[in-house]
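S.K.:
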Amino acid sequence: MNKLGKIYVVGIGPGNREHMTFHAKTAIDKSDIIVGYKTYIDLLEGMIKDKEVVSSGMKKEIERCIEALEYAKQGKIVSLVSSGDSGVYGMAGIMLEVVLKDGSDVEVEVVPGVTAANAAAASLGAPIMHDYVTISLSDLLTDWSLIERRLHCAGEGDFVVCLYNPKSKGRQQQIEIAREILLKYKSKNTIVGIVRNAKRYGESVIVTTLGDMLKYEIDMFTTVIVGNSNTYSVKEMMITPRGYKL
Ligand code: SAH
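Position 147 (the sequence shown) corresponds to 146 in numbering that gives the first Met the number 0; numbering is contiguous.
1. I'd like the list of long-range same chain contacts for A120, defined as Cβ closer than 6 Å, with 5 residues on each side in sequence excluded.
2. V191: beta carbon under 7 Å from a heavy atom of ligand 1?
3. Would you call the CB atoms of V80 and G12 closer than 8 Å?
4. According to DSSP, simplified to helix, strand and coil, what is E66?
5. Can you confirm whether the stretch 51 to 70 touches the stretch 217 to 237 when touching is taken to mean that 3 or more C-beta pairs between the two stretches lie within less than 8 Å?
6. Specify the secondary structure class of K244 as computed by DSSP and reduced to three states.
7. Taking the runs of the beta strand (DSSP E) that are 3 residues or longer, which of them lie wholly in the stretch 82 to 129?
8. By DSSP, does K252 sit in helix, in strand, or in coil?
9. Compute the Euclidean distance between the alpha carbons of A153 and T207, then round it to the nearest angstrom.
10. Can you tell me whether V87 sits near ligand 1, meaning its C-beta is under 7 Å from at least one heavy atom of the ligand?
11. If I61 sits next to V98, beta carbons under 8 Å apart, how far is it from one beta carbon to the other, in whole angstroms?
12. Quick one: what's got a C-beta closer than 8 Å to F158's C-beta in the same chain, skipping five residues either side?
13. Hey, would you say the C-beta of V132 is under 7 Å away from at least one heavy atom of ligand 1?
14. Starting from E51, trace the alpha helix (DSSP H) both ways and give me its first and last residue.
15. Should T222 be listed as close to ligand 1, given that the test is whether its C-beta is under 7 Å from any heavy atom?
16. Which whole-angstrom value describes the C-beta separation of L3 and D104, a residue pair presumed to lie in contact below a C-beta threshold of 8 Å?
17. Closer than 8 Å by C-beta to V9: which residues in its own chain qualify, once you throw out the five before and the five after it? Chain order, please.
18. Say yes only if the C-beta of S78 is nearer than 7 Å to one or more non-hydrogen atoms of ligand 1, and no if none qualify.
Now the structure itself:
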């Protein structure tokens, strides 16, 4: 029987090469085959010239994992790439479950990456210096009622809230409802950061308020960070103080 290969589930970070970890780069270098969504494969251009590349469209996550597993069973070293951190609304969980279901002994290593919340926060200044939550507004896999409940809890707890998947062509209303829920607990003057294409080509950074945030473009390339009651803005930055006395 063939010697088994290995699967790296690699978070490649937000986009720019400088924000990829050394280990992510090493895992990709060691791999025979790179599997991933086309947009992420494109971000690796130049780094994977000598590799076999299997790219696919969106919503093929499970098929992609099964494919990666098949290659690894044939003895190949495979990198399954996803953006940001592969374990944050990414591919890591699906890959592990596919391997477990298959019952095979293929080794899976999850390689962490800089997630969108961290990338966006860095571009805004320091908005997640205190307790924060991430909430995905995508209800494709999660009941909307549960998402609403979590928004209520986050608002009640005065958490900084990082909203992933805020709006897409087919999901326009979720961000409006999320804002209304947060307004039950947070003032309309609460500082909000809107970062599109954080740490990659075409980045835009806006600092606004919960009252005004819907005046700006928000889409699937955007992460929205809603401050807590102590968050303030200065010189286009967003700062959530931790309590140090200066
Ligand atoms: N695994 C990814 C998240 C995938 S969910 C990670 O850890 O970052 C996809 C959502 O992530 C997008 O809709 C957007 O809200 C956010 N996102 C991913 N990359 C981003 C970037 N460079 N700038 C702003 N938001 C980003």
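A virtual CB, placed ideally from N, CA and C, is assigned to each residue, including glycine.
M.R.: Reading from the atomic positions:
1. P126, I127
2. no
3. no
4. helix
5. no
6. coil
7. 106 to 110
8. As displayed, the chain neither begins before 0 nor continues past 245, which places residue 252 out of reach and without an answer.
9. 20 Å
10. yes
11. 12 Å between Cβ atoms; not a contact.
12. D130, Y131, V132, N227
13. no
14. That residue, E51, is in no alpha helix (DSSP H); its beta strand (DSSP E) goes 51 to 55.
15. yes
16. 6 Å
17. A23, A26, I27, S78, L79, V80, S81, S85, V110, G112
18. no
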